[in-house]
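Numbering (my numbering), first residue to last: 994 to 1110.
For each residue, glycine too, the CB sits at the ideal point set by N, CA and C.
Structure, as structure tokens:
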């Protein structure tokens, strides 16, 4: 009789541990996938902005070629400033996403560990 009780307890503990591990892995994978999707979207937006800025700069350079070199330099500097500003915003967004993801992972692990006890 005691052996049956021990076997049942061991089986229940193993099942609980497996379920906890699966839940943690699923949550971590979901968080990572969501972060990757957002990062890819941000990178796509960044690439589009850079392409648009480059096209605008090329068009402006061709159009104002007769006006003079000073205006062209001013336009290029302004375009580079826009690209730098967008890149900085991307860095901030990605950093925040990583921080939120880590917090979610820690909270899930803590909740699962507390629930397992």
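Under the criterion of a Cβ to heavy atom distance below 8 angstroms, does residue i qualify as lining the ligand HEM?
i            : result
residue 1081 : This structure does not include the ligand HEM; it has no bound ligands of any sort.
Whole angstroms are fine: how far does the CA of residue j sit from the CA of residue i?
i            : j            : result
residue 1032 : residue 996  : 53 angstroms
residue 1014 : residue 1092 : 22 angstroms
residue 1096 : residue 1068 : 42 angstroms
residue 1108 : residue 1102 : 10 angstroms
residue 1105 : residue 1051 : 56 angstroms
residue 1143 : residue 1070 : Because the chain is modelled from 994 through 1110, residue 1143 falls outside the range shown and cannot be assessed.
residue 1010 : residue 1094 : 23 angstroms
residue 1046 : residue 1100 : 42 angstroms
residue 1008 : residue 1030 : 33 angstroms
residue 1038 : residue 1006 : 48 angstroms
With three or more beta-carbon pairs closer than 8 angstroms as the criterion, would you say the stretch 1072 to 1084 touches the stretch 997 to 1012? no
Inter-stretch contact at 8 angstroms, needing at least 3 Cβ pairs: the stretch 1014 to 1025 / the stretch 1085 to 1092: no
Evaluate contact between the stretch 1047 to 1057 and the stretch 1023 to 1039, counting only Cβ atoms and requiring at least three cross-stretch pairs below 8 angstroms. no
How do the stretch 1067 to 1079 and the stretch 1030 to 1049 stand: do at least 3 beta-carbon pairs fall below 8 angstroms, yes or no? Flag = yes, the stretch 1067 to 1079 and the stretch 1030 to 1049 touch.
May I have a chain-ordered list of the alpha helix (DSSP H) segments no shorter than 4 residues that lie completely inside the stretch 1017 to 1093? none
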